[in-house]
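Trainee: Line by line, the protein sequences are chains A and B.
Under numbering that gives the first Met the number 0, read the first sequence as residues 0 to 205, first letter to last.
Under numbering that gives the first Met the number 0, read the second sequence as residues 0 to 205, first letter to last.
No residue lacks a Cβ here, since even glycine has one placed at the ideal position from N, Cα and C.
Quick one: structure below, then a few questions.
There are 2 protein chains.
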Amino acid sequence: MDQSTAKPSIREGNERAILAAAEAVFAEQGFGGATMAAIAARAGVPKPNVHYYFPTKAGLYRAVVEQVLTAWLDAAHAFDTSADPVEALTTYIEAKMDLAREMPLGSRIWASEILRGAPVIQDFLDTTLTQWVRSREKVVKRWIAEGRLKPIEPKVLFYMIWATTQHYANAAHEIATLEKGGGLDDEAFQRAKTQVVEIILGGVTK
Amino acid sequence: MDQSTAKPSIREGNERAILAAAEAVFAEQGFGGATMAAIAARAGVPKPNVHYYFPTKAGLYRAVVEQVLTAWLDAAHAFDTSADPVEALTTYIEAKMDLAREMPLGSRIWASEILRGAPVIQDFLDTTLTQWVRSREKVVKRWIAEGRLKPIEPKVLFYMIWATTQHYANAAHEIATLEKGGGLDDEAFQRAKTQVVEIILGGVTK
DNA sequence: GTCTATAATCGGATAGAC
DNA sequence: GTCTATCCGATTATAGAC
């Protein structure tokens, strides 16, 4: 789109490779445990090259976290406030389960960031997430007033959904150990998804 | 109990202070992000003193994790396999909620360790935890066969309980942000505990 | 835009005086 | 048992040739 018309862009390819490598290393080692050398090795580029594209480790980390944020927001839109509670919650829980399945690294980075007290995404918690919760709380309370849900604190429900769905990414290793080492295959995961929806909906609908 | 009869023991006091400081720093920074200097400063002792009592950072981390393990096992016993499902699950969920409330640092270290793939506690996952899950799975399946619970995969239930209860420790900062900055007071936490029990039991009992 | 060589700093660990 | 001074490997970051 810019001057350099048809350039498949070396820059773009390298940035992508570095971001992908960084996502994996930050997910495995945490921010403090990750090293630029490990990221460079995984991306298949020399170490100074990483610094060329991302001058500081903190900046690279921010870039990775912001990618994860985008995915989180997409999943958040699955909570359709116009739908009825069963449909809205089913769609949302399934979207969050799929996100944990398809982006386990991002989910783990997110969890790690929250564990540390959200040093990088605090402003997101203060603004976008707070607004998301406020608006969805109203919807849940309306459903309760209409007698379609049990009288629960909406946040208790949200926390249960977030924690349970992300557990399938965050604790994938623990799960694999308990499943005789193999982890969940697609079929087992789909069953788990269905049952998570059933248990939560069974617990909150009248 | 040994030769040095009535020694209140400088050693004991220092070890306790260092372990407490290490728990806090590991919980905040993760293993990789924690530094011996930060732990020493928090414990109020010079850095080499930490190495005197705990020669290596990895060893100190193991000592902290083992403390957490003990607490986990105590809570696990709250799952009374002789009781009826409502009573057993209620007691267990409440015990896990109380653990998250009373030992938030330990819960966060546990979560961080699981996130990284359990490098230190893998043998515990392979032995004690696997056995715990196997035996409780049998109990849940019996309850299902007796028609007292819906036909669910027991592990889906366990994961939901673990993830949801520990969320109150792991995401305490996020929760505080969403609760207008104050965090949950005792009353709000007790309400949440009750509702977590109600939703899960409502979702799995017939 | 790439990468070798290197600077500068941090952090785990230790020596040795007290 | 305590702690100052210090070592040294690891790590972030940069300079500068190509």
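Hey, is A:M96's beta-carbon within less than 7 Å of any beta-carbon in chain B?
Mentor: No, A:M96 lies away from the interface with chain B (no Cβ there is under 7 Å from its Cβ).
Trainee: Work out the CA separation of A:Y51 and A:T11 for me, nearest whole Å.
Mentor: Checking the sequence shown, residue 11 of chain A turns out to be Glu, not Thr. Distance between the alpha carbons of A:E11 and A:Y51: 13 Å.
Trainee: As a quick exercise: from B:A16, B:Y91 and B:H76, pick the residue whose alpha carbon is nearest that of B:K192.
Mentor: Of the listed residues, the one whose Cα sits closest to B:K192 is B:Y91.
Trainee: To the nearest angstrom, how far is it from the Cα of B:W71 to the Cα of B:A77?
Mentor: If you take the alpha carbons of B:W71 and B:A77, they lie about 10 Å apart.
Trainee: Opposite B:L88 in the DSSP bridges: which residues?
Mentor: DSSP, once it has assigned bridges, lists no residue as partnering B:L88.
Trainee: Where do the N-terminal and C-terminal ends of the alpha helix (DSSP H) with A:M102 fall, by residue?
Mentor: Here A:M102 belongs to no alpha helix (DSSP H), and DSSP marks it neither H nor E.
Trainee: How would you call A:P153, buried or exposed, if buried means at least 16 neighbouring beta carbons within 10 angstroms?
Mentor: When all chains shown are included, A:P153 counts as buried.
Trainee: Listing by chain order, which chain A residues have their CB less than 8 Å from the CB of B:I113?
Mentor: Those are N169, A170, H172 and E173, listed as they occur along chain A.
Trainee: Compute the Euclidean distance between the alpha carbons of A:A99 and A:P84, then round it to the nearest angstrom.
Mentor: Each residue's Cα considered, the two are about 22 Å apart.
Trainee: What does the alpha-carbon distance come out to for the pair B:M159 and A:A162?
Mentor: If I take the Cα positions, the gap works out to 8 Å.
Trainee: Could you give the DSSP three-state label for A:T204: helix, strand or coil?
Mentor: A:T204 falls in the strand class under three-state DSSP.
Trainee: Under 9 Å Cβ-Cβ, which residues of chain A neighbour B:K154?
Mentor: Residues of chain A passing the Cβ test: I174, L177, E178 and A191.
Trainee: Check B:L148 in the structure and name its three-state DSSP category.
Mentor: If DSSP states are grouped into helix, strand and coil, B:L148 belongs with the strands.
Trainee: Flag B:L124 as yes if its beta-carbon sits less than 7 Å from any beta-carbon of chain A, otherwise no.
Mentor: Yes, contact with chain A.
Trainee: Can you tell me whether DSSP reads B:D73 as helix, strand or coil?
Mentor: B:D73: helix per DSSP, three-state reduction.
Trainee: Find the residues of chain A that neighbour B:R194, judging by a C-beta separation of less than 8 Å, and give them in chain order.
Mentor: Per the sequence shown, residue 194 of chain B should be read as Gln rather than Arg. The answer, in chain order, is I151, E152 and V155.
Trainee: Given that a residue counts as buried once 16 or more other Cβ atoms are within 10 Å of its Cβ, and exposed if not, what is A:T164?
Mentor: When all chains shown are included, A:T164 counts as buried.
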